[in-house]
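Residues 1 to 122, numbered by the UniProt record's numbering, are exactly what the sequence shown covers, in order. For glycine and all other residues, C-beta sits at the position ideal for the given N, C-alpha and C. Written below as structure tokens is the structure these notes are about.
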Amino acid sequence: MDKDRIVGSAKDFAGKVESTVGNVAGDAKTQAAGRVREAAGEAQNLYGQAKDVARETTDAAVSYAKEAYENSGDTFRDGSQAIAKKVQENPLGSMLIAGGIGFALALLMTRPPRRPPTRYYG
Numbered sequence: 001m002d003k004d005r006i007v008g009s010a011k012d013f014a015g016k017v018e019s020t021v022g023n024v025a026g027d028a029k030t031q032a033a034g035r036v037r038e039a040a041g042e043a044q045n046l047y048g049q050a051k052d053v054a055r056e057t058t059d060a061a062v063s064y065a066k067e068a069y070e071n072s073g074d075t076f077r078d079g080s081q082a083i084a085k086k087v088q089e090n091p092l093g094s095m096l097i098a099g100g101i102g103f104a105l106a107l108l109m110t111r112p113p114r115r116p117p118t119r120y121y122g
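Given below as structure tokens:
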């Protein structure tokens, strides 16, 4: 729980007490001051709640990222095992796919660079 929530709740309570005392005494100034303090306390309490929500969200995101990082090795290992199994089941198809990928990469690497169009300003 955030410090602002505690202080805000205390101000809210004090404002309610002050407003009630102003009501009982018939003093409009005390009653208005109590309402102002009560509103300030509610605002500070809401600010503290927002900070708590932001902190909890950040903690959840950090926890999720940490868990994903820790499990990334398992995911990579599972993917590697699945690929190895497919290659063992169909070696000819795997060779054809690898050859196609190599051919496409060779075409991309040996292609001449594109020249920008020549512009005539005249």
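GLN88 to ILE101 span [Cα, whole Å]
Within the sequence shown, residue 88 is the residue found at index 88, counting from 1. Within the sequence shown, residue 101 is the residue found at index 101, counting from 1. Each residue's alpha carbon lies about 19 Å from the other.
Going by C-alpha distance, which of PRO113, ASP78, ARG5 is nearest ALA43? In the sequence shown, the residue the question calls residue 43 occupies position 43. It is ARG5.
**Message:** My output table needs one value for GLY26: the three-state DSSP class, helix, strand or coil.
**Reply:** Here the question's residue 26 lines up with position 26 in the sequence shown. Coil.
> When the distance is taken between beta carbons, is SER63 closer than 8 Å to GLU38?
Replying inline: Translated into positions along the sequence shown, residue 38 becomes position 38. Translated into positions along the sequence shown, residue 63 becomes position 63. No. Outside cutoff.
For this session: Counting only the same chain and skipping the five closest in sequence on each side, list residues whose C-beta sits under 6 Å from that of ALA25.
Result: On the sequence shown, residue 25 is found 25 positions in, with the first residue counted as 1. Within the same chain, ALA25 has no close Cβ partners at all.
On the criterion of 16 or more Cβ atoms from any shown chain inside 10 Å, does LYS29 qualify as buried, or is it exposed? As a position in the sequence shown, residue 29 is number 29, starting the count at 1. Classification for LYS29: exposed.
Three-state secondary structure (DSSP) of THR118: Reading the sequence shown from its first residue, position 118 is the one you call residue 118. THR118 falls in the coil class under three-state DSSP.
Answer yes or no: does any C-beta atom of chain C fall closer than 8 Å to that of VAL24? Of the protein chains in the structure, only one exists, and it is not chain C.
Local Cβ density within 10 Å of ASP74, reported as buried at 16 or more and exposed below that
The residue you call residue 74 lines up with position 74 of the sequence shown. Classification for ASP74: exposed.
Cβ-Cβ separation, ASP52 to ASP12 (assumed contact under 8 Å), whole Å: Within the sequence shown, residue 12 is the residue found at index 12, counting from 1. Within the sequence shown, residue 52 is the residue found at index 52, counting from 1. The pair is not a contact, with the Cβ atoms about 16 Å apart (cut-off 8 Å).
Quick one, are the C-beta atoms of ALA10 and GLY34 less than 8 Å apart? Numbered from 1 along the sequence shown, position 10 holds the residue referred to as residue 10. Numbered from 1 along the sequence shown, position 34 holds the residue referred to as residue 34. Contact check for ALA10 against GLY34 fails: the beta carbons are separated by 8 Å or more.
- Message: So, at 7 Å on beta carbons, what are the nonlocal neighbours of ARG77 in its own chain, with the 5 sequence-adjacent residues on each side left out?
- Response: Start at 1 with the first residue of the sequence shown, and residue 77 comes out as number 77. Excluding positions up to five away in sequence, the list is empty.
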